[in-house]
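*Asks:*
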Amino acid sequence: MLEAERSSSNYRYYTSEAIKRLHEIEEMKTNGMSLQEIKKTFEKQRAYEEVDIQELRLHMQNLQHEVTTLLEQMKEKEQSTQAQVKNKVSSECAALMQSLLSLI
Numbered sequence: 015m016l017e018a019e020r021s022s023s024n025y026r027y028y029t030s031e032a033i034k035r036l037h038e039i040e041e042m043k044t045n046g047m048s049l050q051e052i053k054k055t056f057e058k059q060r061a062y063e064e065v066d067i068q069e070l071r072l073h074m075q076n077l078q079h080e081v082t083t084l085l086e087q088m089k090e091k092e093q094s095t096q097a098q099v100k101n102k103v104s105s106e107c108a109a110l111m112q113s114l115l116s117l118i
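The working numbering numbers the first residue of the sequence shown as 15 and each following residue consecutively.
1) When the Cα atoms are used, what is the spatial distance from Met47 to Thr55?
2) Would DSSP call Tyr27 helix, strand or coil?
3) Flag this pair as yes or no: are the beta carbons of Ile67 and Ile52 separated by less than 8 Å?
4) In angstroms, rounded to a whole number, what distance separates the CA positions of Cys107 and Gln87?
5) Is Glu17 helix, strand or coil when you go by DSSP?
Put into structure tokens, the structure is as follows:
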């Protein structure tokens with residue numbers, strides 16, 4: 015249930031997460047749980063965490079797809095807007111040229 019690193023002098027070194035888990039194990043033992051029950055509890059917790067991670071990955075993929083779609087839509091809109099501006103400028107330029115020609 016706990017993993018520890020060993021030093022060159024064979025001492026065990028625990029991370030802060032391992033120490034936190036040790037306190038949880040001690041509390042569960044104090045509440046009358048057997049080591050087998052504690053192990054099952056941690057296994058269930060790990061399974062839930064894995065499901066949460068998978069759900070987050072799926073959510074991130076969906077968000078990435080939405081962003082890609084929105085960027086494509088923005089690009090299409092930008093191209094459409096550019097075409098509209100070109101048409102408007104072209105017609106205004108043509109009208110201006112006609113006015114200038116009529117003045118000459």
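Glycine included, C-beta positions come from ideal geometry on N, C-alpha and C.
*Replies:* In short:
1) As a first step, residue 47 must be located in the sequence shown, where it is residue number 33. As a first step, residue 55 must be located in the sequence shown, where it is residue number 41. Going from the Cα of Met47 to the Cα of Thr55 covers about 10 Å.
2) Looking up residue 27 in the sequence shown gives position 13. Residue state, collapsed to three classes: strand.
3) Looking up residue 67 in the sequence shown gives position 53. Looking up residue 52 in the sequence shown gives position 38. The answer is no: Cβ separation not under 8 Å.
4) For the purposes of this step, residue 107 is identified with residue 93 of the sequence shown, where counting begins at 1. For the purposes of this step, residue 87 is identified with residue 73 of the sequence shown, where counting begins at 1. Here the alpha carbons of Gln87 and Cys107 stand approximately 30 Å from one another.
5) As a first step, residue 17 must be located in the sequence shown, where it is residue number 3. In the displayed model, Glu17 falls within coil according to three-state DSSP, outside both helix and strand.
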